[in-house]
Amino acid sequence: MPNHLANQTSPYLLQHAHNPVEWYPWNSEALQRAQMEDKPIFLSIGYAACHWCHVMEKESFEDAKIAAVLNENFICIKVDREERPDLDHIYMTAVQLLTGSGGWPMSVFLTPDLKPFYGGTYFPPVKSHGVPAFGEILRTINHLWRNERENLLRVSDKLQQRLVDEASWNPAGGEVFDSTSLTLATANLESRYDWAQGGWGPAPKFPQPMAIEYLLLQAERGDQQALKMAIHALEAMQSGGMYDVVGGGFHRYSTDARWLVPHFEKMLYDNALLARAYLHAWLLTGQDSFRRTVEQTLNFVLREMTHPLGGFFSSLDADSEDQEGIFYLWTQAELRGLFPTQPTWELLNAVYFISESGNFEGKIILQRQESISSLADKLGTTEEHCVLELNKIHQTLLQARSVRTRPLTDDKVLTSWNALMLQTLAEAARYLDRTDYLAAAQKNADFLLNNLQHAGYLLRSWRNGQAHQNAYLEDHAALIIALLELYQSDSDPRWFQSAKHLFTRMDADYKDPLGGFFDTPVTETSLLVRPKALQDNATPSGNALAAYATLLLAAYEGRGDLYQQVQKTLDSISYPAFRYPLAFAEWLKSLDYLLGPQKQVAILVPTGAFSSVLTKSLWVAFRPRLVSATSTYPLSKDGPELLQYRPVVNHLPTAYVCFGQTCLVPTTDPEEFTRQLAAKKPANAD
């Protein structure tokens, strides 16, 4: 039978294009065939970097006997969860309701009208650890569909109602939040914090960059315990294992409690979110190791995950040569051969404790065992010397690793994931004074706006010159935030105007009159339910991003109605957010923003003058809850309301610092500007 995936653009779907299973993508042809032939749908959802997705493909989907059972009795649909987060969310919720857990590959059985009735994740080819064999499951479901269908339909009806309930969001019943609510959220994070190993919960350990960002916001307010937690978590992760000390960048998560053995895939979103957390931590602490981690991570993305046109690739696979992680592992003999001189070998061994038996299945995962400062003391040298010598070691290792078989790259470009990295690059460009980061951010923004929009509508995915799939809420909201961050680093008003256009489209196509936003546009009608995810997962929820994007635009445009809209939404989410902060950390960012103090900065520069004397003061510290706009004077009409009706003083670059509707006296003096930026509340207002 033919397989219908050959013309898809998703690398994950193309990996399955030669399976003997008659796979369809999720499309009208497959859904209509299920209805016409009265067959259940087998829906398989995964992604290109997923190790167990590869395993199930080799064990089951490449097996001719399994394929024959699937083809005869089911309509088989393969979905890339990264291209279709809506389908992933709906049916992952169903699997979690059925089994109490979830993951990928996701395997779900649906009625022809798309209602789930059975599901799970990875199913083995033979019964193992209490999990039935995949072939046995297929035969049982086929029997039940033909002979006891009413039982399956009862299950599917109940599940559908649960999914409808999950997708419904009643904003009533919230609670008013204040500064004590933030204290509660921080306390709840601390109650689950692992002070021995860093991070939250037992193995497997996930990096939780959004929770760390929240802690850094509280640290900026003066909460020293929040700062201590954030630093401890960041130091634990950057030591190696989950962090690639050789090439830069973070793996997906740690399979153990001490961040040593990762799940080896590298995802764009992890590296965007984590690099931003390390950047903000460096701004708060001045700790050089945090800055190095930011730069090494961003350099990795620009070197290995960037399309020549400027888009960022989605992921690097966990596997190469049919082994997970082999690309990143070493033996003592390999390392000894690379570093034959005794001083270099001694330094390497002092940093990573190289043993013949290794620390993972006879191989070595590089994880630093002590800080650079303690290492310098032990070796009787300076930290700078240690860093310099380690950089040389890592360059040698990177070069040696480059001749190995690389993990496959999922080279599709996803709008929301690119927006997360765009935001981080835009911030890093101005805080680190890196013109190369700014150039990469500008190129990426151009790429997204030129290649992932069609007829004024945003699209989700691009690969090999083809963009497709209507964008989701998360795509709009993340790109709005990223463009506004880029506008603060590069004062070209087209970034602001593009963000404003996207907000108008988001408000028109995704808004729920009852509060918040739907994840899918109003034009999407082929779904069992219209999803509305609230909790953060590996990436921020679309609704949490939309709340923050709305607050930023409200600050630029002086829109009090938008503040009230977000306030209503946040009141409804505050109860779970403060009590379960790991699941609602991105929401806490907006809650923190609304509690203020909020600052708006306008800098006007007469034509021919330079603004750097003022903007330099603006970006020397971590300044959350602040938006800025810079423009030449006289003004164009393309900038935000924040810039309007503000003349320059004495024909000099002039800064206005405002707290909502109250502004301080405009100044041309960099020292006075710095004092105004440091103010916690309005004083000496005009």
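Using the working numbering, the letters of the sequence shown map in sequence onto residues 1240 to 1925. Cβ atoms here follow ideal geometry from the backbone N, Cα and C, with glycine treated the same way.
Check                                                                                                                              : Outcome
Span separating the alpha-carbon of ARG1491 from that of MET1481                                                                   : 7 Å
Validate contact between the stretch 1245-1257 and the stretch 1313-1323 using beta carbons, cut 8 Å, 3 pairs                      : yes
Pair within 8 Å by beta-carbon distance, PHE1313 and ALA1306                                                                       : no
Range covered by the beta strand (DSSP E) that runs through LEU1865                                                                : 1865-1872
Beta carbon of PRO1646 nearer than 8 Å to that of SER1553                                                                          : no
Reduced DSSP category for TYR1432 - H, G, I as helix; E, B as strand; rest coil                                                    : strand
Coil, strand or helix - HIS1624 by DSSP                                                                                            : helix
Element boundaries [beta strand (DSSP E), containing ARG1699]                                                                      : 1696-1702
Whole-number beta carbon distance between HIS1255 and TRP1265, since they are thought to touch under 8 Å                           : Contact doesn't hold; Cβ gap of about 13 Å is too wide.
Within-8 Å CB hit, PRO1905 to chain C                                                                                              : In the structure shown, chain C cannot be found, because there is only a single protein chain.
Status (buried if at least 16 other CB within 10 Å, exposed otherwise) for HIS1890                                                 : exposed
Neighbour-count burial assignment, LYS1920, 16 or more Cβ in a 10 Å radius                                                         : exposed
Range covered by the alpha helix (DSSP H) that runs through ASP1319                                                                : No alpha helix (DSSP H) holds ASP1319; the beta strand (DSSP E) holding it covers 1314-1319.
Residues bridged to ASN1709 [DSSP beta-bridge criterion]                                                                           : LEU1698
For ILE1603 and LEU1568, believed in contact at Cβ under 8 Å, the rounded distance                                                 : 7 Å
Buried or exposed by the 16-neighbour rule on C-beta atoms within 10 Å, applied to GLU1459                                         : buried
LEU1853 versus PRO1892 - alpha carbon distance                                                                                     : 8 Å
Three-pair Cβ contact test at 8 Å for the stretch 1608-1622 versus the stretch 1583-1599                                           : yes
Beta-carbon contacts of ALA1924 that lie in its chain and below 7 Å, excluding the five residues immediately before and after      : Low local confidence applies: a pLDDT of 47 at ALA1924 is under 50, so the model's placement there is unreliable, with the coordinate-based value given in what follows. Counting only Cβ-Cβ distances below 7 Å, and skipping sequence neighbours, we find THR1901, CYS1902 and LEU1903.
Cα-Cα separation between LEU1391 and ASP1352, rounded to whole angstroms                                                           : 13 Å
Contacts around LEU1791, its chain only, beta-carbon distance under 7 Å, and the 5 residues preceding and following it disregarded : ILE1720, LEU1723 and VAL1866
Residue ranges of each alpha helix (DSSP H) within the stretch 1329-1402, 4 or longer                                              : 1373-1386
Which of helix, strand or coil DSSP assigns to MET1481                                                                             : coil
Secondary structure of ASN1923, DSSP reduced to three states                                                                       : Because ASN1923 carries a pLDDT of 48, less than 50, the predicted location of this residue cannot be relied on, and the following value inherits that uncertainty. Coil at ASN1923, not helix or strand.
GLY1799 in three-state terms, based on DSSP                                                                                        : helix
Nearest candidate by alpha-carbon position, reference LYS1807, set LEU1833, ASN1510 and TYR1696                                    : LEU1833
The stretch 1678-1687 / the stretch 1634-1645 touching (three or more Cβ pairs under 8 Å)                                          : no
Chain-order list of residues whose beta-carbon lies under 6 Å from that of ILE1812 (same chain, five-residue window excluded)      : TRP1826
Whole-angstrom C-beta distance between ASN1683 and GLY1936, which should lie under 8 Å                                             : What is shown of the chain runs 1240 to 1925, which leaves residue 1936 out entirely.
Beta carbon of TYR1361 nearer than 8 Å to that of VAL1308                                                                          : no
Inter-residue spacing [alpha-carbon to alpha-carbon] between LEU1541 and VAL1485                                                   : 15 Å
LEU1522 Cβ short of 7 Å to the ligand PLP heavy atom set                                                                           : Annotation note on the ligand PLP: not contained in the displayed structure, which lists no ligands.
Own chain partners of ASP1495 with C-beta closer than 7 Å, once the 5 adjacent residues on each side are dropped                   : ALA1442
Under the three-state DSSP convention, the category GLU1563 falls into                                                             : strand
Other residues of its chain near LEU1618: CB distance less than 8 Å, five sequence neighbours each side excluded                   : LEU1586, ALA1589 and CYS1625
Residues bridged to PRO1205 [DSSP beta-bridge criterion]                                                                           : No answer is possible for residue 1205: the residues shown for the chain start at 1240 and end at 1925.
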